[in-house]
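Asks: Numbering (this note's numbering) for the sequence shown: 2 to 217.
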Amino acid sequence: MKIVLIGDSSVGKSALVYRFIHNQLPSEAKATVGISFFKQRLVDEDTGEEYALQIWDTAGQEKFQSVSTHHYRAADGALLVFDISNEHSFQSLDKWLAELRENTDPNVVVALVGTKVDLGHRRAVPPERAQAYAKSNGLLYAETSSYWDRSQGSSRDAAAGVERVFLRLLRAVVQQQRDLGRNPSMLDISSYREANRGVSLSDDSGRGQRGKGCDC
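1. Please classify residue 103: does DSSP put it in a helix, a strand, or coil?
2. If you reduce the DSSP assignment to three classes, tell me which class residue 73 lands in.
3. So for residue 78, helix, strand or coil by DSSP?
4. Compute the beta-carbon to beta-carbon distance between residue 112 and residue 141, rounded to the nearest angstrom, for a pair I have assumed lies under 8 Å.
5. Count the other CB atoms within 10 Å of the CB of residue 39; is the residue buried (16 or more) or exposed (fewer)?
6. Within a Cβ cutoff of 6 Å, which residues of the same chain sit near residue 80, ignoring the five residues on either side of it in sequence?
7. Can residue 170 and residue 4 be called in contact, C-beta distance under 8 Å?
8. Closest by CA to residue 147, which one among 102, 26, 172?
9. Is it buried or exposed for residue 8, if we count other Cβ within 10 angstroms and need 16 for buried?
10. Please classify residue 48: is it buried, with 16 or more other beta-carbons within 10 angstroms of its beta-carbon, or exposed?
11. Taking Cβ positions, are residue 145 and residue 105 nearer each other than 8 Å?
12. How long is the line joining the alpha carbons of residue 138 and residue 78, rounded to whole angstroms?
13. Rounding to the nearest angstrom, what Cα-Cα distance links residue 17 and residue 182 in this structure?
14. May I have the straight-line CA-CA distance separating residue 2 from residue 86, to the nearest angstrom?
15. Just tell me which of 90, 101, 168, 107 has its CA closest to the CA of residue 131.
16. Among 82, 76, 124, 178, whose alpha-carbon lies nearest the alpha-carbon of residue 54?
17. On the DSSP letters alone, give me the boundaries of the alpha helix (DSSP H) that residue 132 sits inside.
18. Do you know offhand how far residue 125's Cα is from residue 88's?
19. Which one or two residues does DSSP pair with residue 115 in a beta bridge?
20. Can you have a look at residue 13 and say buried or exposed, based on whether 16 or more other CB atoms are within 10 angstroms of its CB?
21. Taking just the CA atoms, how far does residue 97 sit from residue 166?
22. Report yes if the CB atom of residue 110 is closer than 8 Å to the CB atom of residue 177, and no otherwise.
Okay, structure coming up:
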């Protein structure tokens with residue numbers, strides 16, 4: 002199952018992926034260069050089914066838009082990410098959603114994700130506004146934070162919150178595939194390889210494997 006992350010630079014896309022894969026934040030908060038590609042397996046504990054995810058994270062800066070075709074190709078689901086403390090990142094959603102829909106199957110499942118809820122005192126986008134946007138565009142909606150404070154021992158809560166975002170998207174993709182008469186078990190690495198031939202990325206098997214890109 003291929004999941005892509007899109008949104009402006011510095012909204013926390015890479016932090017979401019690192020928290021999900023490694024249960025930690027990136028060591029350096031630098032903008033992602035090109036594409037970072039990760040593999041992870043996720044078990045739906047309600048059904049006992051396990052799915053192989055290919056998670057693609059790319060920079061939100063305009064100069065990297067040339068990678069968008071490969072980034073979107075054969076995506077089953079997408080996380081459309083904005084920073085709740087950054088009004089501009091919310092205003093950019095229309096652009097990102099239009100680009101996503103131009104380059105993906107019409108049936109791609111999209112979840113709108115508001116990040117950095119730990120910065121609630123700086124919130125610029127009310128949850129009601131984000132929820133209304135998601136509803137009007139047929140998107141799932143969630144808010145989360147990849148940040149954790151060692152002194153408060155909240156690492157587990159942060160990891161669980163981020164995992165719930167990915168799990169909710171996975172379940173929606175699986176249900177849609179079934180509604181379309183497709184077999185969700187086919188959403189594995191073989192379909193990724195076929196759809197993304199010619200893309201120069203690491204394809205090593207294993208948990209949390211990473212393609213090219215910086216630690217951000």
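We put the beta carbon where it would ideally sit given N, CA and C, even for glycine.
Replies: Per the coordinate set shown:
1. helix
2. helix
3. Three-state result, residue 78: strand.
4. 4 Å
5. buried
6. Only 6, 112, 114 meet the Cβ criterion.
7. yes
8. Answer by Cα proximity: 26.
9. buried
10. Residue 48 should be labelled exposed.
11. Remark: C-beta atoms of residue 145 and residue 105 do not approach each other more closely than 8 Å.
12. 15 Å
13. Near 31 Å, if we compare the C-alpha coordinates of residue 182 and residue 17.
14. 31 Å
15. 90
16. It is 76.
17. 128–137
18. Between residue 125 and residue 88, the C-alpha separation is close to 6 Å.
19. 83, 144
20. buried
21. 19 Å
22. yes
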